[in-house]
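Worksheet: the structure to be examined is printed underneath.
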Amino acid sequence: MGISCPVDGCDLRIDVIFKARDGTGYGAHVHNIEQFSTLNLFPAASSLMPEVDLHEDDAEVLSLLCKFLHPNHAQPDVSLLPWETFCKLAAVVEQYRIYNAMALCKLKMEYSVEERPYEVFQYASTTNYESLRDRAMKLCLSSHPLECFVKACELGLTDLMDEAALKTLNLPMAAVEEALRGTKNWQLTLLAWMAQREALRERQQSLLLNPTVGPQHKGGSPRCEDWHTYYSAVVLKSLKRSDGNLTDAITTTRQLVQGCSYCLKAVEMWGRNVDATMTLFGSRFPFSSFFKTYTGAEGL
Ligand SMILES: [Zn+2]
Ligand SMILES: [Zn+2]
């Protein structure tokens, strides 16, 4: 029949065949599989020589998978594998819970996180290795935010695209357009980005037009002359800023109410209100929800 075990010198009886997507078959051993993975062979194993179609795997990955199921032979050296093959293997061994291989792949992913944060983020997200995922996410975000945003959209990394998008909303549209141009569905992605920015600006405008009222002044008035001078300065400053950063406009002009403790209090309350609203904005209006609306997809 020509089916053999990919491990050199293996004389174990072949009692199951793994078939890759391209039709390549490898002989394997039910006893080993049962011991070292959770791959469910049954009811296929009831026939004389069961065949298990692992459609998602290419032949090289399948051969590696078989080798990992041999505890008495040298294990494949994952550090020597081309990156793409390694990523496929890392996903497959997780899928079938081949524990010895899972540990090795995770270790290599941990070593590779600085060099390849996006791929490691993708791996750690699907495998739920949270601390590795968080580390990879931090590394991705620490690079250029726009680059991170585009890459996260391309790879369909929802959490990452949401975090990265927030850091790009103060950039000029032309810069975002240039970075996205050429990627799949780039016009729709840009539209989604503009829609999120519009939502942000609406909130910022509402916060600017409705400043928090502080404690009443003596005599019952909520505001004094100092406030009006201060407020005009804040409006002017926030209009001048291309990124509409209201927190900055509120705090850098506060010396104008220095003489009035009531207005100073109102400024502090307003600043806190703006910060809280802006912090919530990312979770209430995540980029991925706009992205889904316009592109109908989770990723590009
Ligand atoms: Zn064998
Ligand atoms: Zn006052």
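Numbering (the numbering used here), first residue to last: -14 to 285. For each residue, glycine too, the CB sits at the ideal point set by N, CA and C.
Remark: the shortest separation between the CB of Val(-8) and any heavy atom of ligand 1 falls under 7 Å. Comparing alpha carbon positions, the residue from Phe21, Pro67, Gly(-13) and Phe272 closest to Ala184 is Phe272.
Sequence-distant partners of Val259 (beyond 5 residues in either direction) whose C-beta falls short of 6 Å from its own C-beta, in its chain, are Leu192, Leu231 and Thr232. About 6 Å separates the beta carbon of Cys133 from that of Leu126, a gap short enough to meet the 8 Å contact definition. For Tyr216, the shortest C-beta to heavy atom distance toward ligand 2 is 7 Å or greater.
If you ignore the 5 residues before and after Pro61, its C-beta comes within less than 7 Å of the C-beta of Leu49, Lys52 and Phe53, all in its own chain and listed in chain order. Using a 10 angstroms sphere on the CB of Thr237, the tally of other CB atoms stays under 16, which defines it as exposed. Cβ-Cβ distances below 7 Å link Trp255 to Pro196, Thr197 and Ile235 in the same chain, with the five nearest sequence neighbours on each side left out; the list follows chain order.
In this structure, the CA atom of Leu131 is about 19 Å from the CA atom of Lys277.
Look at Arg120: its beta carbon is at least 7 Å from all of the heavy atoms in ligand 2.
Residue environment: Gly199 is assigned as buried (16 or more neighbouring CB atoms within 10 Å of its CB, all protein chains considered). Here the C-alpha atom of Arg269 lies approximately 14 Å from the C-alpha atom of Arg186. Placement of the Cβ of His16 at a distance of 7 Å or more from every heavy atom of ligand 1 is found.
Residue side-chain check: His55 places its Cβ nearer than 7 Å to a non-hydrogen atom of ligand 1. Between Ser246 and Leu194, the alpha-carbon positions lie close to 22 Å from each other. The chain-ordered list of residues whose CB is nearer than 6 Å to some heavy atom of ligand 2 reads His202, Cys209, Asp211, Trp212, Cys245, Tyr247 and Cys248. Look at Cys138: its beta carbon is at least 7 Å from all of the heavy atoms in ligand 1.
Take Arg239, set aside five residues on each side of it, and the residues of its chain with a beta-carbon closer than 6 Å to its own are Val252, in chain order.
Between the alpha carbons of Gly8 and Glu69 lies a distance of about 21 Å. With a cut-off of 7 Å, the C-beta of Leu156 is classified as distant from ligand 1, since no heavy atom of the ligand falls inside that distance. Contact between Leu74 and Val63 holds, since their C-beta atoms are separated by about 7 Å, short of 8 Å. DSSP places Ala251 inside the alpha helix (DSSP H), whose first and last residues are Ser246 to Arg269. Buried is the label assigned to Glu104, since at least 16 other Cβ atoms lie within 10 Å of its Cβ.
Following the DSSP letters along the chain, one finds Tyr114 in no beta strand (DSSP E), marked with neither H nor E. Distance from the Cα of Gln20 is smallest, within the candidate group Tyr11, Cys(-5) and His55, for His55.
Relative to the non-hydrogen atoms of ligand 1, the Cβ of Leu(-3) comes within a distance shorter than 7 Å of at least one.
Between Ala137 and Ala149, the C-beta gap is smaller than 8 Å, which places the two residues in contact.
For Ala109, the closest of Val135, Tyr11, His213 and Glu79 by C-alpha to C-alpha distance is Glu79.
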